[in-house]
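*Asks:*
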Ligand SMILES: NC(=O)c1ccc[n+]([C@@H]2O[C@H](COP(=O)([O-])OP(=O)(O)OC[C@H]3O[C@@H](n4cnc5c(N)ncnc54)[C@H](OP(=O)(O)O)[C@@H]3O)[C@@H](O)[C@H]2O)c1
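In our numbering, the protein residues as written are 1138 to 1385.
1. Excluding the 5 residues preceding and the 5 following residue 1381 in the sequence, name in chain order all residues of the same chain whose CB lies nearer than 6 Å to its CB.
2. Could you have a look at residue 1255 and say whether DSSP puts it in helix, strand or coil?
3. Report yes or no: is there a C-beta of chain C within less than 7 Å of the C-beta of residue 1308?
4. Whether or not the region 1214-1226 and the region 1144-1159 are in contact is what I'm after, with contact meaning three or more pairs of Cβ atoms, one per stretch, closer than 8 Å; do they touch?
5. Once DSSP output is grouped into helix, strand and coil, what is the label at residue 1270?
6. What residue does the alpha helix (DSSP H) around residue 1193 start on, and which one ends it?
7. Should residue 1158 be listed as close to ligand 1, given that the test is whether its C-beta is under 6 Å from any heavy atom?
8. With residue 1390 as the anchor, note down where its beta strand (DSSP E) starts and where it stops.
9. Measure from the alpha carbon of residue 1257 to the alpha carbon of each residue in 1204, 1273 and 1268, then state which is nearest.
10. Check the C-beta distance from residue 1178 over to residue 1152 and give it rounded, since I have them as a contact under 8 Å.
11. Taking DSSP as the reference, what is the three-state secondary structure of residue 1301?
12. Just to check, is the beta-carbon of residue 1361 closer than 6 Å to a non-hydrogen atom of ligand 1?
13. Between the Cα of residue 1166 and the Cα atoms of 1260, 1367, 1186 and 1174, which residue gives the shortest distance?
14. Three-state secondary structure (DSSP) at residue 1224?
15. Between the region 1369-1377 and the region 1319-1339, can you find at least three pairs of beta-carbon atoms closer than 8 Å?
16. Hey, quick one: how far does the alpha helix (DSSP H) through residue 1178 stretch, first residue to last?
17. Following the continuous alpha helix (DSSP H) through residue 1345, name the residue where it begins and the one where it ends.
18. Assuming residue 1408 contacts residue 1259 under a Cβ cut-off of 8 Å, what Cβ separation, rounded to an integer in Å, is found between them?
19. Can you tell which of 1290, 1251, 1361 and 1377 has the C-alpha that lies nearest to the C-alpha of residue 1225?
20. If residue 1365 and residue 1346 are in contact, beta carbons under 8 Å, what's the gap, nearest whole angstrom?
21. Can you give me the Cβ contacts of residue 1356 inside the same chain, cut-off strictly under 6 Å, excluding the 5 residues immediately before and after it?
22. With a threshold of 16 other CB atoms inside 10 Å of the CB of residue 1320, please say whether the residue is buried or exposed.
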């Protein structure tokens, strides 16, 4: 997949991993459209980028998505890469003591899984018109091995992982390639509660993502996600135990 002269939509492009990807893509002569809920944060991010359009929207809100899709179809008919990066973790899971797990899991499933299905379905007709297109779903290291402190978040990323694999198969005979970006712990605002300062910088995720995009490496296991994946293949039980010894 070419890594310049694309029109790229990045949900959650105003901070963290999404912002780093936006920065690298905009510097490589791609037009980047960033989405976020907080308008001040979004404008501040856009001011640091070239070739950028900022659109204020909440991807878990049906009306916002409807209006976003109409804008994209009318104003960006060449849109050819959709990066589903925005995600939610509704606090730490304590499956023994919490009494609001259903509510937390609902937020996570809505943002990390169902909203992505909706946006993909609405944008696929436009993406399929392009000669070279891609959908990139950002899941996580916990998509195939859950952490007990992130139980319901992990489950939402596992759902996204499963759907992404099936989507890739479904789109085999189209021009749309399907990538999955699986970061390990990354040092962003998102991961503060789970020791994110021990994680890799978001710039490393963006570096590995661009290299994988260029070489059509569809399952992008960033940093030590690859090691955990290999352990999981040799022993799912050992991988599960290893994950519980970590904070995330
Ligand atoms: N950080 C990690 O350790 C880690 C590890 C593995 C995977 N991930 C995944 O990587 C992705 C990005 O995480 P991050 O660490 O970069 O998070 P972050 O630094 O908190 O940035 C999240 C971005 O998404 C936007 N956003 C959040 N909810 C949104 C919504 N409903 N609609 C539109 N925009 C929304 C935020 O802006 P607003 O708040 O203004 O909307 C912000 O731009 C997520 O899917 C996360 O699950 C993160």
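Virtual Cβ for every residue (Gly too), placed ideally from N, Cα, C.
*Replies:* Quick look at the numbers:
1. As a first step, residue 1381 must be located in the chain shown, where it is residue number 244. Cβ neighbours of residue 1381 beyond the five flanking positions: 1285.
2. The count along the chain shown starts at 1 and reaches residue 1255 at position 118. Helix at residue 1255.
3. Of the chains in the structure shown, none is chain C; there is only one protein chain.
4. yes
5. Against the chain shown, residue 1270 aligns to sequence position 133. Strand at residue 1270.
6. Numbered from 1 along the chain shown, position 56 holds the residue referred to as residue 1193. Here residue 1193 belongs to no alpha helix (DSSP H); instead the beta strand (DSSP E) covers 1189-1193.
7. Counting from one through the chain shown, the residue named residue 1158 turns up at place 21. It does not: the Cβ of residue 1158 is nowhere closer than 6 Å to a heavy atom of ligand 1.
8. Residue 1390 cannot be examined here, being either before or after the span of the chain that is shown, 1138 to 1385.
9. Along the chain shown, one-based indexing puts residue 1257 at 120. The shortest C-alpha separation from residue 1257 is found at 1273.
10. Within the chain shown, numbered from 1, the residue matching residue 1178 stands at position 41. Within the chain shown, numbered from 1, the residue matching residue 1152 stands at position 15. Sure, about 6 Å apart at Cβ, within 8 Å.
11. As a first step, residue 1301 must be located in the chain shown, where it is residue number 164. Residue 1301: helix per DSSP, three-state reduction.
12. Here residue 1361 refers to the residue found at position 224 when the chain shown is read from its first residue. No, the Cβ of residue 1361 stays beyond 6 Å of every heavy atom of ligand 1.
13. On the chain shown, position 29 is the one that residue 1166 refers to. Closest by alpha carbon: 1186.
14. Position 87 of the chain shown, counted from the start, is the residue given in the question as residue 1224. Three-state result, residue 1224: coil.
15. no
16. Here residue 1178 is taken as the residue at index 41 of the chain shown, counted from 1. Where residue 1178 is concerned, the enclosing alpha helix (DSSP H) stretches over 1176-1184.
17. The sequence position of residue 1345 within the chain shown is 208, counting from 1. Taken as a continuous stretch (DSSP letters only), the alpha helix (DSSP H) holding residue 1345 covers 1339-1351.
18. Outside the modelled stretch of the chain, which goes from 1138 to 1385, sits residue 1408, for which no answer is possible.
19. Residue 1225 sits at position 88 when you count from the first residue of the chain shown. Minimum Cα distance to residue 1225 is reached at 1290.
20. Translated into the one-based positions of the chain shown, residue 1365 becomes position 228. Translated into the one-based positions of the chain shown, residue 1346 becomes position 209. Incorrect: roughly 18 Å between the Cβ atoms, too far for contact.
21. Walking along the chain shown from the start, residue 1356 turns up at place 219. Contacts found: 1317.
22. Within the chain shown, the letter at position 183 stands for residue 1320. With 16 or more other Cβ atoms within 10 Å, it is buried.
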